[in-house]
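With the numbering used here, you'll find the sequence shown wraps up at 183, consecutive numbering, no jumps. Heads up, the beta-carbon is just placed ideally off N, CA and C, and yes, glycines get one too. Reviewing the structure listed below.
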Amino acid sequence: MNLVVPIILGHSRGGDVVLLYASKYGDKIRNVINISGRFDLKKGIRLGDGYMEKVKQQGFIDAKEGKSWYRVTEESLMDRLNTDMHEACLKIDKEVKVLTIHGSDDKVVPLEDAKEFAKIIPNHKLEIVQGANHGYNKHQSQLVSTVMEFIKTVIVKNKN
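Rendered as structure tokens:
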């Protein structure tokens, strides 16, 4: 099947996933929305003290984020540490339109990460949501408005 996906969207790790997907399948993706993605994947690993040693000994570590538990394997951890978002973003086709949305008060992924994406992705727009944290808890309506505005421009562009 030769399907072209009009828009993909991801938040946090999902933001990185959609950018990586666009870098690999730019001919299939025309528009990307990266919400609070991390530029430097070597940073922000919150697995506790001695996590690398535990992962190497056991082959995995169980971690909690919020109310959810997840398992980090040695393979998935090494995959993250070896993923170069800078290099991946350089491979995104200049025809792929990328919107990065980031909260100015994000304590999980620093705003600087969003600015790094803006520096290297050619067809990129950065929207900073003032006062928003990583989950956009008190800024949901502004987040939705920003996403919808981008989607509307894509729809109008595709109609012409």
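Just to confirm the assignment, what range does the alpha helix (DSSP H) spanning VAL78 have? According to the DSSP assignment, VAL78 belongs to the alpha helix (DSSP H) that extends over 74-81.
First and last residue of the uninterrupted beta strand (DSSP E) at LYS109: A quick correction: the sequence has His, not Lys, at residue 109. HIS109 -> not in any beta strand (DSSP E); alpha helix (DSSP H) instead, spanning 108-113.
Are the beta-carbon atoms of SER35 and HIS125 separated by less than 8 Å? Their beta carbons are not under 8 Å apart, which means SER35 does not touch HIS125 by this criterion.
Distance, Cα to Cα, THR123 vs ASP50? Going by the C-alpha atoms only, they are around 20 Å apart.
Three or more C-beta pairs under 8 Å: does that hold for the stretch 94-101 against the stretch 123-143? The stretch 94-101, when compared against the stretch 123-143, does not touch it at the 8 Å Cβ threshold.
Residue range of the alpha helix (DSSP H) that GLY126 falls in? GLY126 -> not in any alpha helix (DSSP H); beta strand (DSSP E) instead, spanning 120-126.
Buried or exposed, going by whether 16 or more other CB atoms sit within 10 Å of the CB of THR106? Looking at its Cβ environment, which holds fewer than 16 other Cβ atoms inside 10 Å, THR106 is exposed.
Proximal residues to ARG15 (C-beta, below 6 Å), its chain only, five neighbours per side dropped: Within the shown structure, residues of the chain are numbered from 24 to 183, placing residue 15 beyond reach of any answer.
Euclidean distance between Cα positions of HIS109 and ALA137: Taking the straight line from one Cα to the other gives about 12 Å.
Boundaries (first-last residue) of the beta strand (DSSP E) holding TYR44: No beta strand (DSSP E) holds TYR44; the alpha helix (DSSP H) holding it covers 36-47.
Taking only the alpha-carbon atoms, compute the straight-line gap between LYS187 and SER164 and give it to the nearest angstrom. Residue 187 lies beyond the stretch modelled for the chain, which goes from 24 to 183, so this question has no answer here.
What number of angstroms, rounded off, separates the C-alpha of ALA141 from the C-alpha of LYS90? Put simply, the backbone Cα of ALA141 is about 32 Å away from that of LYS90.
In terms of residue numbering, what span does the beta strand (DSSP E) encompassing SER91 cover? In this chain, the beta strand (DSSP E) harbouring SER91 covers 91-96.
So what's ASP136 in DSSP terms, helix, strand or just coil? ASP136: helix per DSSP, three-state reduction.
Assigned exposure category for GLY73 - 16 Cβ within 10 Å defines buried: Note on GLY73: under 16 other CB atoms within 10 angstroms of its CB, so exposed under the neighbour-count rule.
Can you tell me whether SER46 is buried or exposed? The criterion is at least 16 other CB atoms within 10 Å of its CB, across all chains shown. By the 10 Å Cβ count, SER46 comes out buried.
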